[in-house]
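Data first, discussion second: the structure below is written as structure tokens.
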Amino acid sequence: MPADGRLINYHREGSGSPLVLVHGIAATWQCWLPVIPGLAERHDVIAVDLPGFGCSVDLQIPEPSLEHFAQSILDLLDHLGIERFHVSGNSLGGAVALELLKSGRVLSYNGISAAGQTYGPFVNVTKLALRGSYYGSRLIDPIAKLLLRLKPLRAAFLWQMLGKPGRVTADYAYELVHGCAVGSGFESTLKYAIPKRGLDVPAFDGPAQMLWGTRDYILPLSAVGRWAERWDGLKIVPLPGLGHVPMQDEPELIVRAILAWTSAADAAKSAAAA
């Protein structure tokens with residue numbers, strides 16, 4: 000799909016009200032693979048590769064921003080003829096999803112360990128962890144399929160992102176590692192698009208919830224309190240024992256949590272139209 004003269008890669012599956020899925024930094028749309036089949040039973044799911052990640056062409060923006068990523072998604076939705084939509088974003092994707100609220104087109108918001116309220120000295124720790132994942136993935140990518148056949152190596156490599164890394168299959172572990180390795184926009188995004196202060200929450204009267212794993216080693220659980228302080232009406236859902244990317248840890252649980260929220264928004268929309 001053309002956006003700013005470039006191509007945005009996306010995966011589309013299912014039918015129903017549109018649901019946009021936005022991945023985090025050092026990831027691709029494939030991070031949503033475990034939950035897409037369940038979500039697609041009720042939704043027209045559009046999982047995107049942000050510019051500079053996965054199979055999307057890098058837009059060559061020297062200083063990418065949340066606004067830039069959000070506009071790329073809106074351009075894609077315009078191209079697909081989609082006006083209103085639900086959105087779910089993980090990590091950086093949660094911050095991009097927050098930016099999408101400004102469009103006035105979002106039906107419901109679902110953040111999963113969303114970036115945007117972790118700042119101060121801890122940001123440097125977070126960036127160090129993310130760089131470790133990114134450059135580690137690039138280092139082993141040529142032989143990742145071979146290495147990740149071994150369950151102990153899968154667990155050792157994915158422990159930062161997952162609360163239950165031992166559950167991931169070799170094939171899916173490779174998708175995660177390879178997707179992390181091919182992100183040409185990683186460094187510029189980490190430098191310019193990661194919020195350096197707490198994000199303000201745009202006006203939004205739809206349902207909004209935040210899911211957060213208690214074993215998130217990338218963004219601390221303490222950030223949930225900051226989100227609650229800034230966002231009246233935000234529902235906080237702790238995920239005991241799950242990690243930064245919980246879609247792989249407990250996909251059925253995440254599907255149920257997202258569908259409960261989108262269903263409420265769809266019901267409210269139908270009632271208002273009646």
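So for the sequence shown, numbering that gives the first Met the number 0 puts the first residue at 0; every next one is plus one. All C-beta atoms in this analysis are idealised placements derived from N, C-alpha and C, irrespective of residue type, glycine included.
Counterpart residues of residue i in DSSP-defined beta bridges
{"i": "GLU12", "result": "VAL44"}
{"i": "VAL21", "result": "VAL47, GLY88"}
{"i": "VAL236", "result": "LEU210"}
Range covered by the beta strand (DSSP E) that runs through residue i
{"i": "LYS163", "result": "Segment: none, LYS163 is in no beta strand (DSSP E) and carries neither H nor E."}
{"i": "ALA207", "result": "207-212"}
{"i": "PRO149", "result": "Inspection of the sequence shows that residue 149 is occupied by Leu rather than by Pro. Here LEU149 belongs to no beta strand (DSSP E), and DSSP marks it neither H nor E."}
Member of the options whose CA lies at the smallest distance from the CA of residue i
{"i": "GLU66", "options": "GLU82, GLY92, VAL56, SER112", "result": "GLY92"}
{"i": "VAL44", "options": "PRO17, PHE68, PHE52, VAL56", "result": "PRO17"}
{"i": "THR213", "options": "GLY242, GLU186, ALA202", "result": "GLY242"}
{"i": "LEU32", "options": "THR188, PRO194, TYR9, GLY51", "result": "TYR9"}
{"i": "VAL86", "options": "LEU258, GLY232, ALA266", "result": "LEU258"}
{"i": "PRO36", "options": "ARG11, VAL223, GLU82", "result": "ARG11"}
{"i": "LYS150", "options": "GLY165, ARG137, ILE142", "result": "GLY165"}
{"i": "THR168", "options": "LEU233, ASP248, GLY135", "result": "ASP248"}
{"i": "LEU198", "options": "THR188, CYS179, TRP226", "result": "TRP226"}
{"i": "ARG148", "options": "ALA270, ASP215, ASP170, PRO141", "result": "ASP170"}
{"i": "ALA222", "options": "PHE185, TYR191, ALA113", "result": "ALA113"}
{"i": "HIS22", "options": "LEU175, ILE142, LYS234, SER136", "result": "LEU175"}
{"i": "SER14", "options": "SER102, GLU40, LEU161, PHE68", "result": "GLU40"}
{"i": "VAL19", "options": "ASP74, ASP215, CYS54", "result": "ASP74"}
{"i": "TYR133", "options": "ALA143, ARG153, PHE185", "result": "PHE185"}
{"i": "LEU220", "options": "ALA180, MET246, LEU238, PRO61", "result": "LEU238"}
{"i": "ILE193", "options": "VAL244, ILE24, LEU6", "result": "ILE24"}
{"i": "THR261", "options": "HIS42, LEU6, VAL34, ILE7", "result": "HIS42"}
{"i": "LEU146", "options": "MET160, ALA172, LYS163, GLN159", "result": "ALA172"}
{"i": "ILE111", "options": "LYS101, LEU99, ALA94", "result": "ALA94"}
{"i": "GLY182", "options": "PHE52, ILE139, ARG137", "result": "PHE52"}
{"i": "TYR216", "options": "PHE203, LEU189, PRO245, THR188", "result": "PRO245"}
{"i": "LYS101", "options": "PHE203, SER64, SER55", "result": "PHE203"}
{"i": "GLN70", "options": "LEU99, SER55, ILE60, CYS54", "result": "LEU99"}
{"i": "TYR191", "options": "VAL34, LYS163, LEU218, SER64", "result": "SER64"}
{"i": "CYS179", "options": "LEU38, PRO201, ALA154, ILE139", "result": "ILE139"}
{"i": "GLY103", "options": "ALA264, GLY88, ARG83, LEU252", "result": "ARG83"}
{"i": "PRO250", "options": "THR188, LEU161, GLY131", "result": "LEU161"}
{"i": "ILE7", "options": "VAL34, PRO61, PHE68, GLU62", "result": "PHE68"}
{"i": "ILE142", "options": "VAL254, HIS177, ALA267, PRO201", "result": "HIS177"}
First through last residue of the alpha helix (DSSP H) which encompasses residue i
{"i": "LEU106", "result": "Where LEU106 is concerned, there is no enclosing alpha helix (DSSP H), although the beta strand (DSSP E) it sits in stretches over 105-111."}
{"i": "PRO201", "result": "It is not in any alpha helix (DSSP H) - PRO201 carries neither H nor E in the DSSP assignment."}
{"i": "VAL34", "result": "VAL34 -> no alpha helix (DSSP H), and no H or E assigned at all."}
{"i": "CYS54", "result": "Note, CYS54: premise wrong, no alpha helix (DSSP H); not H, not E."}
{"i": "ILE217", "result": "First-last for ILE217: undefined, no H or E at that position."}
{"i": "GLY178", "result": "169-180"}
{"i": "THR188", "result": "185-191"}
{"i": "LEU73", "result": "65-79"}
{"i": "GLU276", "result": "Shown here, the chain extends from 0 to 273; a query on residue 276 therefore has no answer."}
Residue-chain proximity (residue i, chain D), Cβ-Cβ < 8 Å
{"i": "VAL181", "result": "This model lacks chain D altogether, as it is built from one protein chain only."}
>> Pairs of beta-carbons, one from the region 196-210 and one from the region 95-110, closer than 8 Å: are there three or more?
In response: yes
>> Pairs of beta-carbons, one from the region 70-79 and one from the region 126-141, closer than 8 Å: are there three or more?
In response: no
> Does the pairing of the region 14-28 with the region 48-63 give three or more beta-carbon distances under 8 Å?
Replying inline: yes
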